[in-house]
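Novice: Pasting a structure here, questions to come.
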């Protein structure tokens, strides 16, 4: 009786099959990396290409109406008046901003009077639109808030005299 050995042929065939699988998986991983590097960078905050048209340095003085010293990107909102008309302006605050009369941005509160020197940058985006960005360069503290920004609500005589008799089944009114 003659015994044929299938093992050397089977092992060779199995090695070839595994090598083809390995090359296929390696090709897919390599292609994925190339696609990620080429186009995936925009997903992670890659800035768009912009053309800067003009940069102007300006200054305004007003009351702080909004402020984010902890968030990124940081910004500050200032309400100011020109004549009888009131305006709001919002500024990006980068790490190079100079703070005058305070140690840090954290010390500036809502309602404080500040003077902001900023660059007004007009740029053209990839889509062809013009966009204006205001970046604060110097924030100078002038004086603290003159009034309380969020005063406690007090009951007036009119609200005390007003009585509501709405009763909803299952709920009691709280006075």
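Numbering (the numbering used here), first residue to last: 8 to 182. We treat Cβ as the ideally placed atom computed from N, Cα and C, and that holds for glycine. Note that the structure is predicted; figures quoted are calculated from it, not measured.
1) For residue 59 and residue 23, what's the separation of their Cα atoms in angstroms?
2) Given a cut-off of 8 Å, decide if residue 57 and residue 131 are closer than it, judged by their beta-carbon atoms.
3) On the CB-based measure, 16 or more other CB atoms within 10 Å of its CB, does residue 74 come out buried or exposed?
4) For residue 119, count the other beta carbons within 10 Å of its own beta carbon; 16 or more makes it buried, fewer makes it exposed. Which is it?
5) Give every residue of the same chain whose Cβ lies closer than 6 Å to the Cβ of residue 140, excluding the five residues on either side of it in the sequence, and list them in chain order.
6) Rounded to whole angstroms, what's the CA-CA distance from residue 135 to residue 117? Just pull it up for me.
7) Express the C-alpha separation of residue 108 and residue 121 in angstroms, rounding to a whole number.
8) Which word fits residue 178, buried or exposed, when buried means at least 16 other C-beta atoms lie within 10 angstroms of its C-beta?
9) Could you give the uninterrupted runs of the alpha helix (DSSP H) lying entirely in the stretch 93-153, keeping only those of 4 residues or more?
10) For residue 34, write down the residues that DSSP places opposite it in a beta bridge.
11) Could you tell me which residues DSSP puts in a beta bridge with residue 81?
12) Residue 64 and residue 126 look like a contact to me (Cβ under 8 Å); what is the Cβ gap, rounded to whole Å?
13) Please identify the residue among 21, 32, 151, 70 whose C-alpha is closest to the C-alpha of residue 114.
14) What residues match up with residue 69 in a beta bridge as DSSP calls it?
Specialist: Let me lay it out:
1) 58 Å
2) Contact check for residue 131 against residue 57 passes: the beta carbons are separated by less than 8 Å.
3) Counting Cβ neighbours within 10 Å, residue 74 comes out buried, since at least 16 surround it.
4) buried
5) 128
6) 37 Å
7) 10 Å
8) Residue placement at residue 178 is flagged as unreliable, the pLDDT there being 42, under the threshold of 50; a coordinate-derived value is accordingly withheld.
9) Secondary structure in the stretch 93-153: no alpha helix (DSSP H) run of 4 residues or longer lies completely within the stretch.
10) Bridge partners of residue 34: none, in fact.
11) According to DSSP, residue 81 bridges with 100.
12) Confirmed, about 6 Å.
13) When only C-alpha atoms are compared, the closest one is 151.
14) 121
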